[in-house]
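S.K.: Quick one: structure below, then a few questions.
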Amino acid sequence: MTYQIPSALIEEANGAALPAHEDDYGALARRLARRGIAIEPITAAVSAFAVAVPTWGVGTGGTRFARFPGPGEPRGIFEKLEDCATIHRLTRATPTCSPHLPWDKVTDYSELRERAAALGIGFDAVNSNTFQDQSDQALSYKFGSLAHTDKAVRAQAVAHNLECIEIGRKLGSKALTVWIADGSNFPGQSSLTRAFDVYLEAMAEVYAGLPDDWRVFIEHKIHEPAFYSTVISDWGTSLMAAEALGPKAACLVDLGHHAPNVNIEQIVARLVRAGRLAGFHFNDSNYGDDDLDSGSADPFRLFRVFYELVDAAARKAPGFDPAYMLDQSHNVTDPIESLMSSASEVQRAYAQALAVDRAALTAAQEANDVMGAHQIYKAGYLTDVSPILAEARRRSGGALDPLGVYRASGYRARKVEERPPVAGSSSGIV
Ligand code: AFD
Ligand code: MN
Ligand code: MN
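If you want it as structure tokens, here you go:
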């Protein structure tokens with residue numbers, strides 16, 4: 028039996044922190060009430076909010092220069108599940124993990140599903156990988172995969188995605204996320220038109236393999252590893268693809284995949300309007316696809332995105348059912364600490380967005396009261412909702428202070444003993 032953080036430790040820490048927490052929660056309730064906002068519906072909404080953890084996120088990531096493996100890293104999918112379960116145990120915000128294939132392949136998927144269930148973890152969207160060559164693979168993806176010039180390479184990439192669906196079915200997933208690295212590095216290297224045409228043709232075959240209750244998420248990215256053009260470069264291309272494929276296709280927004288200074292929340296609003304918002308890969312960035320921890324660089328941007336989501340939910344926008352996942356690379360932190368804090372930052376943005384007086388904002392917008400509207404909007408962001416996040420965790424059996432309990436438990440030191448390093452671990456991609 029491997030080490031798990033005992034419930035008694037959580038209860039003990041919560042007990043010690045309770046008086047101060049109740050004081051803070053009560054004070055926030057009164058502050059919000061003065062603005063005409065009830066705290067309880069926000070706490071309930073935060074409690075119901077879940078974000079998936081990517082299985083690759085619990086390993087230490089790296090840059091293209093180096094990877095500095097952390098001590099006690101998970102050495103395979105079963106240990107990754109343990110870490111995912113630890114994050115959920117303390118935060119109660121991450122009940123599912125999102126597997127990446129072929130990295131997370133096993134011989135017995137019912138065993139994998141049962142082990143996950145025993146740890147209280149389910150499976151979210153399955154991610155395919157046609158951006159690397161595997162040792163047992165016939166054809167190379169060096170010059171592309173689903174948009175390769177050679178039909179045989181495209182067929183191999185289609186077959187991989189169909190296999191991902193099959194595996195996902197066994198795990199209880201309901202979606203396939205497809206991100207391709209296809210693109211070009213030199214002007215003139217490839218036909219911008221033909222590359223997209225053949226991609227659509229290949230994706231139609233993947234789409235045809237989706238079970239009725241499944242969706243396919245198309246993830247766009249402006250650059251990297253291709254630095255001149257990418258085939259699925261932006262939300263416009265993604266939307267064109269989703270519309271060409273059919274109603275089960277939708278557009279996934281990874282916060283790090285846009286040009287600098289792009290207004291991501293407006294993209295979100297447009298995709299909601301089109302009924303094609305698949306969901307998110309949350310992370311933060313200063314420059315490009317930095318994959319920094321959510322809310323660490325620009326928490327206001329995260330808030331702005333969540334305002335659009337809260338607005339869409341309140342309007343009951345047709346087809347609005349986004350999937351949430353963290354997609355980060357933890358290079359210099361303990362991944363468990365980063366993922367716990369990131370899950371909480373995402374919830375924070377959600378709670379702040381719920382703390383906006385939408386009726387007052389709409390009235391100010393309609394009256395062209397520019398400063399009034401801005402202040403009402405900003406008031407949500409400026410609310411310290413930490414007591415709501417803590418209360419939501421406490422009510423569902425989590426820790427008032429996840430980081431404090433995690434550190435006090437000595438979890439990582441125990442894993443160092445349980446998990447001696449092995450060669451060739453697949454943890455933590457760049
Ligand atoms: C790469 C991509 C993208 C994707 C991830 C997993 O940039 O974010 O979600 O790989 O496939 O980091
Ligand atoms: Mn992503
Ligand atoms: Mn990315």
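Residue numbers for the sequence shown follow the working numbering, so the first one is 28 and each next one is one higher. Note that beta-carbon positions come from the ideal geometry of N, C-alpha and C, so glycine has one too.
1) Hey, would you say Ile-66 sits closer than 8 Å to Ala-77, going by beta carbons?
2) Quick check: the Cα distance between Cys-124 and Ala-202, rounded to an integer number of angstroms?
3) Any heavy atom of ligand 3 inside 7 Å of the beta-carbon of Gly-306?
4) Hey, Phe-223 and Val-258: beta-carbon distance below 8 Å or not?
5) So who's on the other strand from Thr-257, going by DSSP bridges?
6) Given Leu-36, which residues of its chain have a CB within under 8 Å of its CB, disregarding the five upstream and five downstream residues?
7) Closer than 8 Å by C-beta to Gln-164: which residues in its own chain qualify, once you throw out the five before and the five after it? Chain order, please.
8) Enumerated in chain order, which unbroken segments of the alpha helix (DSSP H) with a length of 4 residues or greater are wholly contained in the region 96-149?
9) So, Leu-189 versus Arg-181, is the Cβ gap smaller than 8 Å?
10) Report whether the distance from the Cβ of Glu-190 to the nearest heavy atom of ligand 2 is below 7 Å.
11) One question on the structure: do Ala-305 and Cys-278 come within less than 8 Å of each other, judged by their Cβ atoms?
12) Are the CB atoms of Pro-81 and Asp-318 within a distance shorter than 8 Å?
13) Give the single residue among Ala-143, Ser-137, Ala-120 and Phe-95 whose Cα lies nearest to the Cα of Lys-107.
14) Once the 5 residues before and after Pro-345 are set aside, which same chain residues still bring their CB inside 7 Å of it?
15) Note down, in chain order, each residue of its chain lying with its Cβ closer than 6 Å to the Cβ of Pro-98, except the 5 sequence neighbours on either side.
16) CA-CA distance, Thr-121 and Leu-198?
17) Am I right that Val-299 and Phe-330 are in contact with their C-beta atoms under 8 Å? What's the rounded C-beta distance?
18) Within the continuous beta strand (DSSP E) that includes Phe-307, where are the two ends?
19) In the DSSP output, which residue or residues are listed as bridge partners for Val-412?
20) Compare the beta carbon distance of Val-73 and Ala-378 with 8 Å and say whether it is the shorter of the two.
M.R.: Reading from the atomic positions:
1) On the sequence shown, position 39 is the one that residue 66 refers to. On the sequence shown, position 50 is the one that residue 77 refers to. The answer is no: Cβ separation not under 8 Å.
2) For this step, residue 124 is matched to residue 97 along the sequence shown. For this step, residue 202 is matched to residue 175 along the sequence shown. The alpha-carbon atoms of Cys-124 and Ala-202 are separated by roughly 12 Å.
3) Translated into the one-based positions of the sequence shown, residue 306 becomes position 279. Not under cutoff, so the answer is no.
4) Position 196 of the sequence shown, counting from 1, holds the residue named residue 223. Position 231 of the sequence shown, counting from 1, holds the residue named residue 258. Yes.
5) Position 230 of the sequence shown, counting from 1, holds the residue named residue 257. Bridge partners of Thr-257: Gly-210.
6) To locate residue 36, count along the sequence shown from 1; it is residue 9. The answer, listed in chain order, is Val-432, Ala-435 and Ser-436.
7) Working through the sequence shown from its first residue, we reach residue 164 at position 137. Closer than 8 Å at the Cβ level, and outside the excluded window around Gln-164, lie Gln-183.
8) 104-118 and 136-145
9) Counting from 1 along the sequence shown, the entry for residue 189 is found at position 162. Counting from 1 along the sequence shown, the entry for residue 181 is found at position 154. No, the pair does not count as a contact, with Cβ atoms beyond the cut-off.
10) Sequence index remark: in the sequence shown, residue 190 carries index 163 (1-based). Not under cutoff, so the answer is no.
11) Position 278 of the sequence shown, counting from 1, holds the residue named residue 305. Position 251 of the sequence shown, counting from 1, holds the residue named residue 278. Cβ atoms of Ala-305 and Cys-278: closer than 8 Å.
12) For the purposes of this step, residue 318 is taken as the residue at position 291 of the sequence shown. For the purposes of this step, residue 81 is taken as the residue at position 54 of the sequence shown. Their beta carbons are not under 8 Å apart, which means Asp-318 does not touch Pro-81 by this criterion.
13) Reading the sequence shown from its first residue, position 80 is the one you call residue 107. With distances taken between Cα atoms, Lys-107 lies closest to Ala-143.
14) Counted from its first residue, the sequence shown places residue 345 at position 318. The residues are Gly-302.
15) For the purposes of this step, residue 98 is identified with residue 71 of the sequence shown, where counting begins at 1. Closer than 6 Å at the Cβ level, and outside the excluded window around Pro-98, lie Val-443.
16) For this step, residue 121 is matched to residue 94 along the sequence shown. For this step, residue 198 is matched to residue 171 along the sequence shown. Those two C-alpha atoms are separated by around 17 Å.
17) Taking the first residue of the sequence shown as 1, we reach residue 299 at position 272. Taking the first residue of the sequence shown as 1, we reach residue 330 at position 303. About 17 Å separates the two Cβ atoms, so there is no contact after all.
18) Position 280 of the sequence shown, counted from the first residue, corresponds to residue 307. Element bounds for Phe-307: 304-309.
19) If you number the sequence shown from 1, residue 412 lands on position 385. None; Val-412 has no bridge partner.
20) As a first step, residue 73 is located in the sequence shown; it is residue number 46 there, counting from the start. As a first step, residue 378 is located in the sequence shown; it is residue number 351 there, counting from the start. Yes. Within cutoff.
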